[in-house]
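Those letters in the sequence shown? Residues 129 to 378, by the working numbering.
Virtual Cβ for every residue (Gly too), placed ideally from N, Cα, C.
The structure under discussion appears below in the form of structure tokens.
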Amino acid sequence: MSSGKYPFPNDIVEQERLDFQHLMWSVTLDDKLCLCPKGSQKAKRVLDAGTGTGIWAMDYGETHLILSRLSKIDRVIGVDLSNIQPKWTPPNLTWELDDLEQDWTWSQPFDFIFVRMLAGSLKNYQDFVNQAFENLEPGGYLEMQDLTLPYRCDDASLTPDSPIHKLSDLFLRGGRVTGRHMDAAPTYAAMMRNAGFVDVVETQFKWPVNAWPRDPHFKTLGAASDEEFGVEQRGDAAFLRNGEEEFEES
129 MSSGKYPFPN
139 DIVEQERLDF
149 QHLMWSVTLD
159 DKLCLCPKGS
169 QKAKRVLDAG
179 TGTGIWAMDY
189 GETHLILSRL
199 SKIDRVIGVD
209 LSNIQPKWTP
219 PNLTWELDDL
229 EQDWTWSQPF
239 DFIFVRMLAG
249 SLKNYQDFVN
259 QAFENLEPGG
269 YLEMQDLTLP
279 YRCDDASLTP
289 DSPIHKLSDL
299 FLRGGRVTGR
309 HMDAAPTYAA
319 MMRNAGFVDV
329 VETQFKWPVN
339 AWPRDPHFKT
349 LGAASDEEFG
359 VEQRGDAAFL
369 RNGEEEFEES
């Protein structure tokens with residue numbers, strides 16, 4: 129993989145973080161894999177775009193395995209720049225090595241394209257959404273799950289000198305330097321409409337940044353978020369490539 133294509137780490141520690149991230153989403157979504165109807169309905173061809181370790185595609189493939197046996201054409205495809213997915217897969221799942229920023233070359237359309245946590249991974253998100261639209265059959269679904277930056281606070285108490293605010297700025301600056309912005313998620317809905325999608329639904333969830341909430345659900349998410357998004361977990365590669373001194377001073 130070209131070092132310029134993906135600005136984040138790609139080692140075992142990062143792969144474990146990605147699997148942990150999947151658990152965070154499971155807690156957030158009450159164990160649902162997605163929010164669109166393809167979570168419970170039969171899907172013929174599913175693309176997990178940017179599959180990473182493949183954990184979402186594995187879960188989706190296993191969940192829909194019984195439905196898949198009803199039709200030989202049912203298939204889940206997980207695609208990524210890196211070949212880090214497990215060798216064992218459900219029989220309805222295959223891995224492909226490809227660059228989603230290049231022209232997509234699949235000959236058959238999908239009826240569900242799933243994307244999770246691509247913030248900071250693409251140069252042009254609108255191009256990606258356009259290609260997703262062109263590769264979906266009529267009535268197909270695109271679902272994009274991502275985090276939003278900058279960090280926000282319900283009571284507006286997050287001041288510019290807060291360490292959390294500074295961390296948020298660090299992520300945003302790193303994205304600007306690499307040309308792979310981390311603040312695209314709030315515009316996903318508009319991008320989908322621009323591409324031609326209809327009935328676009330945007331759903332927002334809250335992730336506390338540590339375990340301060342009293343509510344057990346948010347306390348769990350907060351503790352997980354603190355572990356998941358610490359700067360040493362995600363931020364180093366994007367910024368160390370552009371100057372370790374600047375990273376340390378920030």
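Neighbourhood of Val-174 by C-beta, 6 Å cutoff - its chain only, sequence neighbours within 5 removed: Contacts found: Val-204, Phe-240.
Measure the Cβ-Cβ separation of Phe-238 and Gly-206 and say whether it is below 9 Å. Taking 9 Å as the Cβ cut-off, Phe-238 and Gly-206 do not qualify as a contacting pair.
Judging by CA-CA distance, which residue of Pro-344, Leu-275, Cys-281 is the nearest neighbour of Gln-149? It is Leu-275 whose Cα lies nearest to the Cα of Gln-149.
Just to confirm, are Gly-248 and Pro-218 a CB contact at a threshold of 9 Å? For the pair Gly-248 and Pro-218, the CB atoms are not nearer than the 9 Å cut-off.
On the DSSP letters alone, give me the boundaries of the beta strand (DSSP E) that Trp-223 sits inside. Counting along the chain, the beta strand (DSSP E) containing Trp-223 begins and ends at 221–225.
Straight-line Cα distance separating Asn-338 from Ser-285: One C-alpha to the other measures close to 16 Å.
Would you list the one or two residues that DSSP bridges to Asp-176? Beta-bridge pairing links Asp-176 to Gly-206, Phe-242.
Looking at the unbroken alpha helix (DSSP H) that takes in Leu-286, where does it start and where does it end? Run containing Leu-286: none; DSSP gives neither H nor E here.
In whole angstroms, give me the CA-to-CA distance for Thr-282 and Pro-288. It should be noted that the sequence gives Asp, not Thr, for residue 282. When rounded, the distance between both Cα atoms is 15 Å.
Which first and last residues belong to the alpha helix (DSSP H) in which Met-186 is found? Unbroken alpha helix (DSSP H) run through Met-186: 183–191.
Between Ile-140 and the rest of its own chain, which residues show a CB-CB distance below 7 Å, the 5 nearest in sequence each way excluded? Result list for Ile-140: empty, nothing under 7 Å.
For the putative contact between Glu-271 and Phe-242, defined by C-beta atoms under 8 Å, what is the C-beta separation to the nearest angstrom? So it is a contact: roughly 5 Å between Cβ atoms.
Short check: CB of Lys-251 to CB of Gly-180, under 9 Å? Cβ distance not < 9 Å, so Lys-251 and Gly-180 don't count as in contact.
Within 10 angstroms of the Cβ of Asn-211, are there 16 or more other Cβ atoms? Answer buried if so, exposed if not. Under this definition Asn-211 is an exposed residue.
Starting from Met-310, trace the alpha helix (DSSP H) in both directions and tell me its first and last residue. Segment: none, Met-310 is in no alpha helix (DSSP H) and carries neither H nor E.
Determine, using beta carbons only, whether Gly-182 and Leu-221 come nearer to each other than 9 Å. Cβ atoms of Gly-182 and Leu-221: closer than 9 Å.
Take Ala-317 and list the residues in its own chain whose beta-carbon comes closer than 6 Å to its own, dropping the five residues that flank it on each side. Val-328, Glu-330.
Please name the residue, chosen from Leu-225, Tyr-253, Asp-158, that lies closest to Asn-322 on a Cα-to-Cα basis. Asn-322 has its Cα closest to that of Tyr-253, out of Leu-225, Tyr-253, Asp-158.
Are the Cβ atoms of Phe-325 and Lys-334 separated by less than 9 Å? The Cβ atoms of Phe-325 and Lys-334 do not sit closer than 9 Å to each other.
Does DSSP put Glu-265 in a helix, a strand or coil? Strand, per DSSP.
Burial state of Lys-166 (16 or more Cβ within 10 Å): With 16 or more Cβ atoms within 10 Å of its Cβ, Lys-166 is classed as buried.
Going by C-alpha to C-alpha distance, which of Leu-295, Ala-352, Ser-154, Trp-340 sits closest to Arg-244? Nearest in C-alpha terms to Arg-244, of all of Leu-295, Ala-352, Ser-154, Trp-340, is Ser-154.
Leu-246 versus Pro-266 - alpha carbon distance: Each residue's alpha carbon lies about 25 Å from the other.
Could you have a look at Gln-149 and say whether DSSP puts it in helix, strand or coil? Assigned with DSSP and collapsed to three states, Gln-149 falls in helix.
Look at the Cβ atom of Asp-231, then the Cβ atom of Gln-259, and state whether they are nearer than 9 Å. Yes, they are a contact pair.
So, for His-192: in the same chain, excluding its five sequence neighbours on each side, which residues have a beta-carbon less than 6 Å away from its beta-carbon? Once the five neighbours on either side are set aside, His-192 has no close Cβ partner at all.
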